[in-house]
Each structure stands twice: as C-alpha cells, then as structure tokens.
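Written out below as structure tokens is the structure these notes cover.
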Amino acid sequence: MLSKGVLQQIVNIVGKQSVMTEVEERLTYAYDASFHRHIPDLVVFPTDEEQVASLLTLANEAEVPIIPRGAGTGLTAGSVPVKGGIVLSLTHMNRIIEINPENLSAIVQPGVITGFLQKKVEHHHLYYPPDPQSFKISTIGGNIAENAGGPRCFKYGVTRDYVLGLRVISPAGKIWTFGGQTIKNVTGYDMTRLIVGSEGTLGIITQATLRLIPQPEAKKTIMAVFSHIEQAAETVSGIISARIVPAALEFLDDVSLRCIEETLRIGLPLDAAAILLMEVDGFIETVEREIQMIQAVCIQCGANRITVAHNEEESEQLWAARRAFAPALLKLNPTRVSEDATVPRNKLVEFVKGIKEIAQKYSLKLALAGHAGDGNMHPNFLVNSRDLDEMERVEKAVEDLFNLTISLGGTLSGEHGIGITKAPYLGHELNKDTIGAMQAIKHAMDPKGILNPGKIFAGDSVGLPFS
Ligand SMILES: Cc1cc2nc3c(=O)[nH]c(=O)nc-3n(C[C@H](O)[C@H](O)[C@H](O)COP(=O)(O)OP(=O)(O)OC[C@H]3O[C@@H](n4cnc5c(N)ncnc54)[C@H](O)[C@@H]3O)c2cc1C
C-alpha cells in the first residue's frame, strides 16, 4: 500500500488526471497476455521525461516498486506487478519526434505503436523491419525492453539491430544517454545493448533513436503445403542450405491451421500436416528468382501444393492468418501455455519431432507455429487451467521441452523474454556464475531493487550478487 504522502507527491508531479486509483480501473493493469495477474497499488501515466525522472526519484526514496508498461502484450508477465507497487504506463509518451531520411533514422518516444511507426516511415520510402506479430498494438518501448523479434528476423534481425541510442531514466531518477544517432559508436561500454532486452529491470526507456533502411522495391508471399510435418522442417533447412534468404520463413502445423480457419474462414488447407509461409523481398528481378528457387526446394522436399499470392490483398490475407494464430487458439481453448524456445537452425527437424513426442508423452493437445527460419518455435499446449491434472502434465512437458532445447544447443527464449514464467528455468541454460554476474549488474544499476522486482531471477535474490 502507498502512503497518503507518497500518493499526494505523485499527484503533484503528474496531475490528478494522470493517476488511476480506483480498484476497478487498476484491475485492468493487473494483466498482460500471459496468465499471471496482480493488481497494482497505483497506475500512473507520465507525459514527459521529467515526470518519469521525478517519479523514480520519489519511488526510490520511498522504496516503492515501479513496473514499466507499454501495451501489456507481453507473454511472460513482464509488466505484471507481482510485488505490487506502481505501474508506470508509457502509453501517453507516444510522439514520433523525428524521421530523418538523410541519416536513415527516427527518434521516438517509448509509447509509439510499432505498426504506426512502420506506416509513417513508409511515406518516406523507408522501412523499420522489426515486426512482432503484435505490431498493431505493442509499443516501441516494450519491443526494446523485450528485444522483440518477428517473421522478418530471418533476413533483417531483431529489434536490437535497429536501436542506435536510448535515453533511459535510472531507478534513482538520473538521466542516462546511451549510444547516439550514428551507425558506429564505441565510446564506452555498449549500454544500449544492455538495456535492450532488460525487461524493464534496469531503467525506463523514455526515448529511442532507431535505424531505418530503404524500403524494398518489391515483395511476394508464397505458401507451401506439406503432408508430413518433417517435410516442412526439412524444407526450412533446404532453403537455408541453398543460401536463399527470404524476409520471412514461418511455420504452422495442422492444429494451428484448423484453429485459424475456424476463426477467419479464408480457405486455409485443412488437409495439410503443416505449411510454410514465406515472404521474399528486394529488387523485382531478385524476388522473381528467389521465388523460383524456393519453389524448387519445396518440391524437392515433398510439398504437395505451392501458392504464390497474386497481389497485396492475397498476401495480406495470408499474413493476417499468421497473426491470428494466438487469438484463434485462445478463442477455441480456455488456456494456452505458450513457449518460444529456439534452437540452432540445423537442429529444427530434430526439434519439431521432439516437441511432438513430448506432447504425446503427456497426452497434451499441441499447436505448433513459429519463426522456423530462426529456429524459433512456439509450442502451444492447449489446456484448461482449471484441470489440475492437465496443468501438472503441462509443467512436466515444459520442463522436458526446455531440456530438449538445451540439449540441442538452444535457448529458453528467442523473443518473449524470461519475465516470471521462465524465471524458474534460468539455471537450465545459465550457470550460477553467469546468473551472479547478471544479478551484480542489476544490483549496481538498481541497488534498492525497485525496478520491476520479481522478474528474470527466480527468488529475486538481487541483493546477494554472486551468492
Ligand atoms: C498476439 C501476440 C503476438 C505476439 N507476437 C510476438 C512476436 O512475433 N515476436 C515477439 O517478440 N513478441 C511477440 N509477442 C509478445 C509481445 O507483443 C512483445 O513482447 C512486445 O514487445 C511487448 O510490447 P508491449 O508494448 O506490449 O510491452 P509490455 O507487455 O507492456 O511490456 C513488456 C516488457 O517491457 C517492459 N517495458 C515496457 N515499456 C518499457 C519502457 N518504456 N522502458 C523500460 N521497460 C519497458 C515491461 O516492464 C515488460 O517487462 C506477441 C504477443 C501477442 C499477444
């Protein structure tokens, strides 16, 4: 609970209109897109950097937890205030400050919606590639804090590759400026990269300078249909071995296809065991050539049908189907336990087979989709959280999944972060000394542990680095 004095000081900083105190309103900030929840003591909507700095100075003195929040689409409970405190919604800081076509950069506030920025830069024939499938609602601040990926990572990389500089408010209310506007910058430690993917535990991002690239001249979408799931996985390896680099290389299995089709009714191939959805972009001639090369690999690996979208509308329909994956699963099933384990790309076939076996072993319904070109799969166990026996089996299946992932040289999270949901498994991938080094950084930057406590490190032993 916040003291009346602290509450009054917060109101003095941001104004009464920017503070949410009623429990019915605060309840809506207890969630993100995972299934964890905890009602915050207060929700505050700062409108500028000075307000953020003053709020943090106050919270640090009063030792009140601060939980930064973008659109709340996170899948690992990153913005859920598990230890209570103040949810700091950055959604009112949503201005694009500059688009600079000569420097190929943009300066934005953290609450800018990713898809909005993408549309705006297109007017200048520029391109901001990071495209988490939540791009129509998620924010740049949330994307940076999670180092979000998306279908286009295969060719263009993840959010980290587009962050040139950051303004960050420290837990004690200081203004940190990391990186800048240049492509090259080796002045001091690379703190920009440290903040990217730090899940709101080290500082509050109040401004980002982002790298843009020229918009590709042309793009085409292609869908390949397979009767066996392994054929689809082998095709991914085949495309990579043939040194073709599509912009996106996505995988959907039969259960996913059925759920999406039941929701959208757009004629997806329900006889398929899996499909690959791919986008090729670049100069017109390159696009045509790569489409032909991809078709050849797909046929060689046993695709029974290949469709190339004729126009932008057909292409958008297919990508809308891909984006509908998560909502469609939830519409038809009470609970989905979604993971984003990632393996080296040459291990994809083994990985897909192993995931299927785990689902069978624990008699669980599985929908499998993912950014196959990155070795990043999203196994979704479709369950009912009220069925305790089923939830116990899911827990064991997730443990097996992480063991499989690590044994193949992979990682617990490709893009969704650790948050709360994966914190208990951190030690599966990182040794004690490595975790200790990370906790030492957290302790140095946030000695009182007020920023997003309870995240990343299970047990939150932040005060005891190297223990
Ligand atoms: C349907 C759906 C599809 C998705 N697809 C993808 C996908 O393809 N790829 C992918 O990577 N993710 C995906 N996600 C997950 C999610 O959208 C991303 O993690 C996204 O980056 C979260 O952005 P957000 O604005 O919603 O942040 P939130 O969920 O509000 O917050 C996420 C984390 O960032 C921190 N944070 C937010 N703003 C700031 C700030 N200004 N300063 C410091 N920390 C901050 C929060 O504390 C929290 O830890 C998907 C989610 C959904 C629901």
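Per this note's numbering, the sequence shown starts with residue 25, numbered consecutively.
No residue lacks a Cβ here, since even glycine has one placed at the ideal position from N, Cα and C.
Taking the beta strand (DSSP E) that glutamate 122 belongs to, which residues open and close that run? Here residue 122 is taken as the residue at index 98 of the sequence shown, counted from 1. Counting along the chain, the unbroken beta strand (DSSP E) around glutamate 122 starts and ends at 120 to 124.
From arginine 191 to arginine 410, what does the alpha carbon distance come to, in whole angstroms? Residue numbering aside, residue 191 sits at position 167 when the sequence shown is read from its first letter. Residue numbering aside, residue 410 sits at position 386 when the sequence shown is read from its first letter. Using only the alpha carbons, I get a separation of about 44 Å.
Report the rounded CA-to-CA distance for lysine 472 versus glutamate 87, giving the unit in angstroms. Position 448 of the sequence shown holds residue 472. Position 63 of the sequence shown holds residue 87. Going by the C-alpha atoms only, they are around 7 Å apart.
To the nearest angstrom, report how far apart proline 154 and glycine 441 are at their CA atoms. As a working note, residue 154 is residue 130 in the sequence shown. As a working note, residue 441 is residue 417 in the sequence shown. The straight-line gap from Cα to Cα measures roughly 16 Å.
Rounded to the nearest angstrom, how far is the Cβ of leucine 390 from that of asparagine 408, given a contact under 8 Å? If you number the sequence shown from 1, residue 390 lands on position 366. If you number the sequence shown from 1, residue 408 lands on position 384. No, leucine 390 and asparagine 408 are not in contact; Cβ-Cβ is about 15 Å, not under 8 Å.
Cβ of glutamine 493 versus every heavy atom of ligand 1: is any distance shorter than 7 Å? Absent from the model: residue 493. The displayed extent of the chain is 25 to 491, so no value can be given.
Taking the alpha carbon of glycine 399 as the reference point, which residue from Glu85, Gln142, Thr259 has its own alpha carbon closest? As a working mapping, residue 399 is identified with position 375 in the sequence shown. Of Glu85, Gln142, Thr259, the residue nearest in Cα terms is Thr259.
Take tyrosine 180 and list the residues in its own chain whose beta-carbon comes closer than 6 Å to its own, dropping the five residues that flank it on each side. By 1-based counting over the sequence shown, the position of residue 180 is 156. Excluding positions up to five away in sequence, the list reads Pro153.
Quick one: any contact between the region 245 to 265 and the region 196 to 207, if contact means 3 or more CB pairs under 8 Å? no
Flag this pair as yes or no: are the beta carbons of histidine 402 and alanine 396 separated by less than 8 Å? Within the sequence shown, residue 402 is the residue found at index 378, counting from 1. Within the sequence shown, residue 396 is the residue found at index 372, counting from 1. Contact: no.
State the DSSP-derived secondary structure class of methionine 117, mapped to helix, strand or coil. Locating residue 117 in the sequence shown gives position 93, where the first residue counts as 1. Methionine 117 falls in the coil class under three-state DSSP.
Does valine 38 have its Cβ less than 8 Å from a Cβ in chain C? Included in the structure is just one protein chain, with no chain C present.
If you measure between the beta carbons of phenylalanine 159 and glutamate 241, is that distance less than 8 Å? Within the sequence shown, the letter at position 135 stands for residue 159. Within the sequence shown, the letter at position 217 stands for residue 241. Taking 8 Å as the Cβ cut-off, phenylalanine 159 and glutamate 241 do not qualify as a contacting pair.
From the DSSP output, which residues share a beta bridge with histidine 402? In the sequence shown, counting from the first residue as 1, residue 402 sits at position 378. Per DSSP, Ala393.
Just reading off the alpha helix (DSSP H) that isoleucine 382 is part of, what are its end residues? Taking the first residue of the sequence shown as position 1, residue 382 is located at position 358. Looking at the DSSP string, the run of the alpha helix (DSSP H) that includes isoleucine 382 is 372 to 385.
Using 8 Å as the threshold, is the region 347 to 365 in touch with the region 421 to 440, meaning 3 or more CB pairs across them? With a cut-off of 8 Å, the region 421 to 440 and the region 347 to 365 count as touching, because enough Cβ pairs lie within range.
For glutamate 274, the first and last residue of its enclosing alpha helix (DSSP H): Stepping through the sequence shown from its first residue, residue 274 is reached at position 250. Run containing glutamate 274: none in the alpha helix (DSSP H); it sits in the beta strand (DSSP E), 272 to 277.
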